[in-house]
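Protein chains in written order, with this note's numbering: chain A, 23 to 273; chain B, 4 to 247.
For glycine and all other residues, C-beta sits at the position ideal for the given N, C-alpha and C.
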Ligand SMILES: Nc1ncnc2c1ncn2[C@@H]1O[C@H](COP(=O)(O)OP(=O)(O)OP(=O)(O)O)[C@@H](O)[C@H]1O
Ligand SMILES: [Mg+2]
């Protein structure tokens, strides 16, 4: 369980997050949606401490994080997996070395066990056999998948994904979405996913948080989203013709 | 100015901490020794041989008056190489090569969120990325220094062999004349200090890059410029402290 209490974050004069309160539950996929530039990435990075909020508190299973000392922060971070918006694979390492990286640093597994775990994770994201390639040698979508493999290699308690399926074709996107959901349920992970892809929301979201103007504008479940009368949410959700039609039909 | 120095000191505080796992740290150092030291061998060698040769030639031409003893040619080639060239000038060249390389590598890792990824895994990114570079330079620069002295003197020897302004005998006699072993120590002390300056300053500018590819280029330029200025400044200070 991650509790976000009253977080505010600004850059110079630009107030990006304004008193955001959210709780993310274990074993559930929580999705943060909102327009481009609404502050989704900033929220995610504030939660894991890459940005320091001016105000507010964050608790990882009741452990206060923002004001914790760096040693304690690093301990908590070993329990965190993160998929960055741009992948952020280590360009100087092969796919296999990228995925194995955290294992080498933080686990006491033998070489063979590590290899097995790496292969297992790569297989989960359908990237088996690309062990020896470098990030520059695989496509953007493949980099995302490797990035997910890297994030789950240590069986994280908390998984953060910043637009994990942007830049992927619809089929692969669904595979990735399902994968995220499966591992969330399987290992009881507290999973937070940023997206502006309504398909993924409908596919896997347990809880939905709509961020608008730096605030938590709306939250609810998958079924509530079509029946809300929140204007900004409707503008966001029913931006495409397809979803407009779905709304008409469901009426 | 003071905030920059403060930021630099905070970064160095993070750099000098205990690495998570020794074996990985050791491997990182070996990688960096290859990148920073081994890859600089050729440029140091070429520059040293040619400079040694030219120095000897210049001195020989200018010392043609009969009342100046010929052994001064070898002596001056030797001392110039040891005192200034193989430490200071080589480091100005390495500031350009190694410094820009470090700043752009770390800067690119910053803007592509690779450093964030390290931090999120619970890795002290400053320690993981920067300390191996500093150690690698600290270990390899003195070797480059000695190599440069030897090759520079060899360059002079080649000139003595082929040019008629100076004989091999005079040159060798000069090399052995009034040799002060402390000059080599002085040179080694200097290059060790410069190695720390170049690697830490370049890492600093790379680490605090923000923005895009353009900013990586700017960081890289800053890294080289400030490394050079600091090397020159510390050259003056160390000479004052060690030789007078
Ligand atoms: N490091 C930063 N420095 C200054 N401003 C920033 C920084 N990071 C983000 N911002 C600003 O914060 C706002 C929110 O950005 P953010 O990246 O969180 O958007 P987002 O919701 O993730 O958008 P997208 O869907 O396009 O990824 C933007 O106005 C952006 O300019
Ligand atoms: Mg974003």
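Supposed contact pair residue j and residue i - C-beta distance, whole angstroms, cut 8 Å
i                     : j                     : result
residue 193 (chain B) : residue 90 (chain B)  : 4 Å
residue 48 (chain B)  : residue 100 (chain B) : Incorrect: roughly 13 Å between the Cβ atoms, too far for contact.
residue 143 (chain B) : residue 40 (chain B)  : 3 Å
residue 56 (chain A)  : residue 232 (chain A) : 6 Å
residue 153 (chain A) : residue 116 (chain A) : 7 Å
residue 215 (chain A) : residue 53 (chain A)  : 5 Å
residue 163 (chain B) : residue 174 (chain B) : 4 Å
residue 223 (chain B) : residue 107 (chain B) : 5 Å
Chain B contact for residue i (CB, 9 Å cutoff)
i                     : result
residue 118 (chain A) : no
residue 133 (chain A) : no
residue 149 (chain A) : no
residue 113 (chain A) : yes
residue 164 (chain A) : no
residue 189 (chain A) : no
residue 85 (chain A)  : no
residue 238 (chain A) : no
residue 76 (chain A)  : no
residue 100 (chain A) : yes
residue 96 (chain A)  : yes
residue 197 (chain A) : no
residue 270 (chain A) : no
residue 126 (chain A) : yes
Residue-level contact to chain A via CB, residue i, 9 Å cutoff
i                     : result
residue 59 (chain B)  : no
residue 212 (chain B) : no
residue 130 (chain B) : no
residue 106 (chain B) : no
residue 122 (chain B) : yes
residue 35 (chain B)  : no
residue 6 (chain B)   : no
residue 219 (chain B) : no
residue 202 (chain B) : no
residue 209 (chain B) : no
residue 111 (chain B) : yes
residue 42 (chain B)  : no
residue 126 (chain B) : yes
residue 116 (chain B) : yes
Endpoints, the beta strand (DSSP E) within which residue i is located
i                     : result
residue 32 (chain A)  : 24-33
residue 52 (chain A)  : 50-55
residue 238 (chain A) : 237-242
Under the three-state DSSP convention, the category residue i falls into
i                     : result
residue 115 (chain A) : coil
residue 229 (chain A) : strand
residue 179 (chain B) : helix
residue 45 (chain A)  : strand
residue 80 (chain A)  : strand
residue 172 (chain A) : helix
residue 67 (chain B)  : coil
residue 206 (chain A) : helix
residue 237 (chain B) : helix
residue 224 (chain B) : helix
residue 110 (chain A) : coil
residue 243 (chain B) : helix
residue 232 (chain B) : helix
residue 63 (chain A)  : helix
residue 221 (chain A) : helix
residue 21 (chain B)  : coil
residue 160 (chain A) : coil
residue 200 (chain A) : helix
Residue(s) in a DSSP beta bridge with residue i
i                     : result
residue 183 (chain A) : A:105, A:215
residue 9 (chain B)   : Answer is none; residue 9 (chain B) lacks a bridge partner.
residue 37 (chain A)  : A:32
residue 85 (chain A)  : A:82
residue 234 (chain A) : A:237
Residue i, enclosing alpha helix (DSSP H) - first and last residue
i                     : result
residue 141 (chain B) : 128-165
residue 25 (chain B)  : 25-35
residue 210 (chain A) : Unbroken run through residue 210 (chain A): none, as it is neither H nor E.
residue 145 (chain A) : 133-146
residue 196 (chain B) : 184-210
residue 98 (chain A)  : 92-99
residue 122 (chain B) : 117-123
residue 248 (chain A) : Here residue 248 (chain A) belongs to no alpha helix (DSSP H), and DSSP marks it neither H nor E.
residue 258 (chain A) : 253-259
residue 100 (chain B) : Segment: none, residue 100 (chain B) is in no alpha helix (DSSP H) and carries neither H nor E.
residue 42 (chain B)  : Looking at the DSSP string, residue 42 (chain B) is not in any alpha helix (DSSP H), and its letter there is neither H nor E.
residue 271 (chain A) : 263-272
residue 76 (chain B)  : 74-83
Closer than 9 Å between beta carbons: that is the criterion. Which residues of the segment 12-32 of chain B meet it against chain C? Although the question refers to chain C, the structure presented lacks it and instead comprises the protein chains A and B.
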